[in-house]
Structure formats: structure tokens, C-alpha cells
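K.L.:
There are 2 protein chains.
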Amino acid sequence: MAPRAASREEAVARLVELFRTHGYDGVSLSRVTAATGLGKGSLFNYFPGGKEEMANAALDHIDGWFETRIFAPLRAVPTASAGLIAMLDGVEAYFHSGRRACLMAVFALESHPNPFSARIGSYFRAWLEAIASAVERDPQASGRAQDFAENMLSAIQGGLLLAIALNEPARFTNTIERLRRDCCAHLAPCPAMASPS
Amino acid sequence: MAPRAASREEAVARLVELFRTHGYDGVSLSRVTAATGLGKGSLFNYFPGGKEEMANAALDHIDGWFETRIFAPLRAVPTASAGLIAMLDGVEAYFHSGRRACLMAVFALESHPNPFSARIGSYFRAWLEAIASAVERDPQASGRAQDFAENMLSAIQGGLLLAIALNEPARFTNTIERLRRDCCAHLAPCPAMASPS
DNA sequence: CGTTGTTTGTACCGATCGGTACAATCCCGG
DNA sequence: CCGGGATTGTACCGATCGGTACAAACAACG
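Chains as they are written, first to last, in the numbering used here: chain L, 1 to 197; chain A, 198 to 394.
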């Protein structure tokens with residue numbers, strides 16, 4: 001059932017998916033060995049801190065991905081609307097159009113507070129600040145940047161939650177599409193929409 | 198640490214809070230006995246089906262509360278804006294202004310799919326339909342009822358998630374306040390706002 | 001080929017998991 | 001005061017939990 005993970009990085013990638021769908025408590029070491037094809041020997045060689053280190057490695061992986069692919073671009077983008085729409089595209093792709101849950105959200109809700117609460121908070125705070133920094137660059141909405149960011153991130157996470165809970169990925173893509181329209185409606189220079197369909 | 202629960206109903210109330218903050222996997226029978234003051238004997242007398250029946254009793258409790266206090270009123274209300282604002286007030290109070298998580302959301306994310314997926318889906322679907330049925334009664338927005346409902350519920354759940362993840366309840370109350378303004382902005386007869394501040 | 005350090009499978013550990021059995025206790029009608 | 005059904009604490013069950021110990025297998029390099 002489990003093609004053996006060839007490297008620590010590949011093991012981390014599988015851990016991410018494992019924690020994403022089963023939560024921290026729902027992932028047992030036997031499940032990890034099954035999903036990675038690695039025995040306990042290798043596992044504790046890669047992750048001497050045990051399960052908690054595995055989870056932290058998974059969170060590290062996500063932190064890194066979002067920082068370089070989502071947050072940093074947002075902070076550097078010249079115009080808010082284009083930057084935010086690019087972010088929405090990236091997020092839609094990352095979450096497989098609503099078929100994949102957000103690991104940070106899973107860990108945040110599963111048990112709270114928990115050992116990961118601090119870094120989960122940092123993740124969402126970084127996301128909020130990245131959005132706000134882009135909006136502040138917008139001539140029309142710079143005063144409402146905090147509010148705009150809070151609204152947008154709430155919608156993303158809520159839409160994703162609904163998509164998972166209902167097993168209807170379209171709940172997420174609909175939400176993303178609404179947010180795209182919001183960008184065009186409330187921010188200054190809206191790039192031509194591809195196909196309003 | 199635990200004043201003994203005097204009735205099955207009181208035990209269920211404590212189970213709700215227990216599952217809400219620790220998730221299904223995070224609640225062990227020893228935790229249940231500690232939180233309810235009930236030994237295993239009483240526990241399996243009240244809930245012969247064991248932990249799964251305890252969880253279902255907790256979900257029943259929430260289903261009932263929302264059905265009578267939120268969903269049914271929404272379906273019966275004459276004007277959409279007044280009904281939705283009453284719903285927002287009720288929801289804000291129920292979730293303790295963002296200090297309390299949504300048990301349905303916790304169970305939905307913790308592990309998916311899981312034995313409770315079907316009823317979790319029913320819960321969110323009922324909520325969506327209740328909102329939509331109210332909006333359909335609105336002369337201005339009746340055509341966008343589905344979209345309006347999806348957007349509103351996403352925002353509620355996302356705002357709650359952010360409040361929990363950041364341990365900043367204001368993230369939730371801000372979101373609720375934004376939704377109140379949305380109601381006044383996009384629905385026909387807006388009752389006078391208390392204080393636009 | 002030999003040696004040295006890393007990687008790996010396996011046996012094992014105490015603790016805790018959800019659940020059962022059952023005897024003691026309680027409560028209440030007669 | 002007594003008898004019988006409901007309630008309850010406790011001892012116990014096999015399974016699984018996360019984690020450790022360690023020896024065999026392996027790799028790299030001289």
C-alpha cells in the first residue's frame with residue numbers, strides 16, 4: 001500500500017497529507033509507517049523528537065511554502081488588485097479547488113490551546129499582514145486595509161471549511177470567485193477579468 | 198475539580214464543551230469521568246454505545262439548539278434583514294463573542310471523512326437553506342439567495358476559526374459586525390442600526 | 001578486503017486507550 | 001422493614017498508543 005519514501009523531504013510531504021486529513025491525534029505511528037513505508041528505526045532517525053517533531057516538520061513545510069509563494073509576493077507586489085488576485089489563484093490551486101483542508105486550521109481547531117498554537121497564530125497573522133500590506137498600497141482602500149484583510153482571510157478559511165464539511169469543493173471555488181469580484185469592486189486598478197462566464 | 202453532573206442532560210452539556218475544545222480523538226473516557234464526575238458505570242448506563250454515542254448526544258444537543266433558536270425563526274421571519282440580524286445576534290451570543298469554537302466545524306476538520314460527516318453536512322446544509330429562505334423573501338436580493346447564504350456562512354465560520362486560531366475573539370465580532378452592515382447594504386428594509394459608531 | 005559510521009527492522013517497554021463484568025449500593029414501592 | 005430494579009464504583013480485559021534498545025544490514029572510504 002505504501003511506496004517507500006525516498007528522502008526525509010518526501011516523508012515530510014506525506015506527513016503533511018496525513019496530518020491534514022486525520023489531525024494530530026488521529027495520526028498514529030503505525031499509520032505513519034504505513035503511509036511512508038518507513039519503519040520506526042528510520043522514522044526516529046529522521047525525527048528524533050518523535051511525533052511532535054514530525055508535526056513541526058509538516059508545519060515548517062507549510063510555513064515555507066506560503067512564505068515564499070504567497071506572503072512574500074504579496075508584500076512586494078506594486079498594485080493591490082493584481083497581487084490579491086494572484087494570491088487567490090495560488091490559494092485555489094494549493095487547496096486543490098476545495099478538496100484539500102488547511103493543516104493550520106485543522107490543528108487550530110482540533111484541540112485548543114495546544115503545543116502548536118503559537119506558530120499557528122504566527123501563520124495566520126503573517127497572512128493577514130501580507131494582505132493588509134498590499135491593500136495599503138491601494139489608493140481607494142488603504143484606510144480599510146486591516147478590515148479588508150480580515151474579511152478576505154475569514155472568507156477563504158470559511159469557504160474551505162464549508163467545502164470540506166459538505167464535501168462540495170465548489171463551496172470553496174465559489175468563495176474564491178466572490179473574492180475576486182470584491183477585489184475588482186473595491187480596489188483601484190482591476191486587471192481585465194479572464195472570463196466572467 | 199469536577200462537581201458531579203446531576204442528570205444526563207447536564208452530562209451532555211459538559212460533553213459538548215469537552216468535545217468542542219479537545220475534538221473527538223482528544224476526549225478520553227478518563228477525561229469524561231473527570232469533567233462530569235461520573236464513573237464508567239454511570240457513563241455506560243447513560244450512553245450504552247460508548248464514546249460514539251456520547252459524541253452523537255453532543256451533536257444532537259447542538260442540532261436541537263440551532264434548529265429551534267436559529268433555523269426555524271429564520272424560515273419564519275417576514276423580512277430578511279431583520280431576521281438575519283437577529284440570527285447574527287444569536288450566533289454571536291452562542292459562540293461567546295468568539296471565545297467558543299463550533300463543535301460541528303471541529304468534528305468536520307479533525308478527521309475527514311469520519312462517522313459524523315453525514316450529520317455535519319446536514320447541519321451546515323440546514324443553516325445555508327435557512328439563510329437562503331430568508332433572503333428569497335427579500336425584494337432586492339431574492340435572485341442571489343444561494344450566493345448570499347454561502348457568503349454569510351463562510352464568513353461566520355471563517356471568522357470564528359480565526360478568532361480561535363489567533364486567540365483574538367474580536368476577529369469574530371468584527372466579522373459579525375461586517376455581516377450586519379452587509380445586510381443593511383444589500384437587503385431592502387434595514388432596521389435602524391443601534392449605533393454605527 | 002576491512003573498518004567505521006549510518007540506516008534500518010524488530011523486539012520490547014510502560015502507559016493509556018475504549019470497553020466489559022460484576023458486585024456493592026442506592027432508591028423506592030409495598 | 002423489606003425486596004427488587006436501577007445506579008454506580010472498581011477491577012479487569014485485550015489492543016494500541018508513543019517511544020526505546022539494539023543488533024543486523026548497509027554504505028563509504030581507505
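Ideal Cβ positions, reconstructed from N, Cα and C, are used throughout, including at glycine.
I'd like the ranges of any alpha helix (DSSP H) spanning at least 4 consecutive residues and lying wholly in the stretch 140-176 of chain L.
P.N.:
Correct list: 145-166.
K.L.:
Any C-beta of chain A sitting closer than 8 Å to the C-beta of L/Gln140?
P.N.:
What you label residue 140 of chain L is simply residue 140 of the first sequence in a count that begins at 1. For L/Gln140, the answer is no, since every Cβ of chain A falls outside 8 Å of its Cβ.
K.L.:
Anyone know if the C-beta pair for L/Leu109 and A/Ala298 falls short of 8 Å?
P.N.:
By one-based count along the first sequence, residue 109 of chain L stands at place 109. By one-based count along the second sequence, residue 298 of chain A stands at place 101. Yes, these two residues count as a Cβ contact at 8 Å.
K.L.:
Compare the C-beta of A/Thr218 against all C-beta atoms of chain L and say whether one is closer than 8 Å.
P.N.:
Counted from its first residue, the second sequence places residue 218 of chain A at position 21. Closer than 8 Å to some Cβ of chain L, the Cβ of A/Thr218 qualifies, so yes.
K.L.:
Leaving out five residues before and five after A/Arg411 in sequence, what residues of the same chain have Cβ atoms less than 7 Å from its Cβ?
P.N.:
It is not possible to answer for residue 411 of chain A, since the shown part of chain A is limited to 198 through 394.
K.L.:
Quick one: Cα of L/Val16 to Cα of L/Glu10, how far?
P.N.:
If you number the first sequence from 1, residue 16 of chain L lands on position 16. If you number the first sequence from 1, residue 10 of chain L lands on position 10. Taking the straight line from one Cα to the other gives about 10 Å.
K.L.:
Between A/Glu289 and chain L, is there a C-beta pair that is closer than 8 Å?
P.N.:
Looking up residue 289 of chain A in the second sequence gives position 92. Output row for A/Glu289: interface = no.
K.L.:
Tell me, please, whether the CB atom of L/Gly158 is closer than 8 Å to any CB atom in chain A?
P.N.:
Against the first sequence, residue 158 of chain L aligns to sequence position 158. Yes, L/Gly158 lies at the interface with chain A (some Cβ there is under 8 Å from its Cβ).
K.L.:
To the nearest angstrom, report how far apart L/Pro3 and L/Asn45 are at their CA atoms.
P.N.:
If you number the first sequence from 1, residue 3 of chain L lands on position 3. If you number the first sequence from 1, residue 45 of chain L lands on position 45. Answer to the nearest angstrom: the Cα atoms are 19 Å apart.
K.L.:
Give me the chain A residues within the contact set of L/Leu166, using Cβ-Cβ distance strictly less than 7 Å, ordered along the chain.
P.N.:
Walking along the first sequence from the start, residue 166 of chain L turns up at place 166. Gly318, Phe321, Arg322, listed in chain order.
K.L.:
With 8 Å as the threshold, decide whether the Cβ of A/Ser225 is near any Cβ in chain L.
P.N.:
Counted from its first residue, the second sequence places residue 225 of chain A at position 28. No, because no Cβ of chain L sits closer than 8 Å to the Cβ of A/Ser225.
K.L.:
I'd like the list of long-range same chain contacts for A/Ala254, defined as Cβ closer than 7 Å, with 5 residues on each side in sequence excluded.
P.N.:
Translated into the one-based positions of the second sequence, residue 254 of chain A becomes position 57. Correct list, in chain order: Val209, Leu212, Phe244.
K.L.:
Mark L/Arg171 as exposed unless 16 or more other C-beta atoms lie within 10 angstroms of its C-beta, in which case mark it buried.
P.N.:
Reading the first sequence from its first residue, position 171 is the one you call residue 171 of chain L. It is buried - the Cβ of L/Arg171 has at least 16 other Cβ atoms within 10 Å.
K.L.:
Restricting to Cα atoms, I'd like to know which of A/Glu264, A/Leu300, A/Thr370, A/Glu374 is closest to A/Phe216.
P.N.:
Walking along the second sequence from the start, residue 216 of chain A turns up at place 19. For the residues A/Glu264, A/Leu300, A/Thr370, A/Glu374, the minimum Cα distance to A/Phe216 belongs to A/Leu300.
K.L.:
Strictly below 7 Å CB to CB, what residues from chain A border L/Asp25?
P.N.:
As a working mapping, residue 25 of chain L is identified with position 25 in the first sequence. Going along chain A in sequence order, the residues near L/Asp25 (Cβ under 7 Å) are Gly220, Asp222, Gly223.
K.L.:
Tell me whether the stretch 84-102 of chain L and the stretch 170-187 of chain L touch, counting them as touching only if at least three CB pairs, one residue from each stretch, are closer than 8 Å.
P.N.:
With the cut-off at 8 Å, the stretch 84-102 of chain L and the stretch 170-187 of chain L touch.
K.L.:
Please classify A/His293: is it buried, with 16 or more other beta-carbons within 10 angstroms of its beta-carbon, or exposed?
P.N.:
In the second sequence, the residue the question calls residue 293 of chain A occupies position 96. Result: exposed.
K.L.:
Which of the three DSSP states, helix, strand or coil, is assigned to L/Thr79?
P.N.:
Here the question's residue 79 of chain L lines up with position 79 in the first sequence. Three-state DSSP puts L/Thr79 in coil, outside helix and strand.
K.L.:
Determine which residues of the stretch 367-379 of chain A have a Cβ less than 8 Å from any Cβ of chain L, and write them out in chain order.
P.N.:
Per Cβ criterion, the list reads Arg368, Asn371, Thr372, Arg375.
K.L.:
Leaving aside the five residues before and after A/Glu333 along the sequence, list all residues of the same chain whose C-beta is less than 6 Å from its C-beta, in chain order.
P.N.:
Here residue 333 of chain A is taken as the residue at index 136 of the second sequence, counted from 1. If we look at A/Glu333 and ignore the five residues flanking it on each side, its Cβ neighbours are Ser339, Ala342.
K.L.:
Measuring alpha carbon to alpha carbon, tell me which residue in A/Val274, A/Ala231, A/Trp324 is nearest A/Gly261.
P.N.:
For the purposes of this step, residue 261 of chain A is identified with residue 64 of the second sequence, where counting begins at 1. Per the Cα distances, A/Trp324.
K.L.:
Using only CA atoms, which one of L/Ser154, L/Leu166, L/Pro169 lies nearest to A/Ala362?
P.N.:
For the purposes of this step, residue 362 of chain A is taken as the residue at position 165 of the second sequence. Out of L/Ser154, L/Leu166, L/Pro169, L/Ser154 has the C-alpha closest to the C-alpha of A/Ala362.
K.L.:
Identify the contact partners of L/Ala155 in chain A, using a Cβ-Cβ distance below 8 Å as the criterion.
P.N.:
As a position in the first sequence, residue 155 of chain L is number 155, starting the count at 1. Going along chain A in sequence order, the residues near L/Ala155 (Cβ under 8 Å) are Asn348, Ser351, Ala352, Gly355.
K.L.:
From what residue to what residue does the alpha helix (DSSP H) around A/Val303 run?
P.N.:
Here residue 303 of chain A corresponds to residue number 106 of the second sequence, with the count starting at 1. Per DSSP, A/Val303 belongs to the alpha helix (DSSP H) from 300-307.
K.L.:
Taking the alpha helix (DSSP H) that A/Asp335 falls in, what are its first and last residues?
P.N.:
In the second sequence, counting from the first residue as 1, residue 335 of chain A sits at position 138. Taken as a continuous stretch (DSSP letters only), A/Asp335 belongs to no alpha helix (DSSP H), as it is neither H nor E.
K.L.:
What are the boundary residues of the alpha helix (DSSP H) that A/Asn311 is part of?
P.N.:
Stepping through the second sequence from its first residue, residue 311 of chain A is reached at position 114. Careful: A/Asn311 lies outside any alpha helix (DSSP H) and carries neither H nor E.
K.L.:
Helix, strand or coil: how does DSSP classify L/Ala35 here?
P.N.:
Here residue 35 of chain L refers to the residue found at position 35 when the first sequence is read from its first residue. Reduced to three states, the DSSP call for L/Ala35 is helix.
K.L.:
Apart from the five residues on each side of it in sequence, which residues of its chain come closer than 6 Å, Cβ to Cβ, to A/Ala346?
P.N.:
Taking the second sequence and counting its residues from 1, the one referred to as residue 346 of chain A is at position 149. Once the five neighbours on either side are set aside, the close Cβ partners of A/Ala346 are Leu325, Ile328, Ala329.
K.L.:
Tell me the rounded alpha-carbon separation between A/Thr218 and A/Asp286.
P.N.:
Locating residue 218 of chain A in the second sequence gives position 21, counting from the first residue. Locating residue 286 of chain A in the second sequence gives position 89, counting from the first residue. Answer to the nearest angstrom: the Cα atoms are 23 Å apart.
K.L.:
Within 10 Å of its beta-carbon, does A/Leu359 have 16 or more other beta-carbons around it, so buried, or fewer, so exposed?
P.N.:
If you number the second sequence from 1, residue 359 of chain A lands on position 162. Buried.
K.L.:
In terms of residues, what are the limits of the alpha helix (DSSP H) holding L/His22?
P.N.:
Translated into the one-based positions of the first sequence, residue 22 of chain L becomes position 22. 8-26 is the span of the alpha helix (DSSP H), which, as asked, contains L/His22.
K.L.:
Give a yes or no on whether the minimum CB-CB distance between A/Ala302 and chain L is below 8 Å.
P.N.:
Numbered from 1 along the second sequence, position 105 holds the residue referred to as residue 302 of chain A. Closer than 8 Å to some Cβ of chain L, the Cβ of A/Ala302 qualifies, so yes.
K.L.:
For the alpha helix (DSSP H) containing A/Phe292, list its first residue and its last residue.
P.N.:
Numbered from its first residue, the second sequence carries residue 292 of chain A at position 95. Premise fails: A/Phe292 is in no alpha helix (DSSP H) and is neither H nor E.
K.L.:
Which same chain residues, not among the five before or five after L/Gln140, have their C-beta less than 8 Å away from its C-beta?
P.N.:
By one-based count along the first sequence, residue 140 of chain L stands at place 140. So the qualifying residues of the chain are His186, Leu187, Ala188.
K.L.:
Whose C-beta lies closer than 6 Å to the C-beta of L/Ser7 among residues of the same chain, with five residues either side of it excluded?
P.N.:
For the purposes of this step, residue 7 of chain L is taken as residue 7 along the first sequence, with counting starting at 1. Answer for L/Ser7: no residue qualifies.
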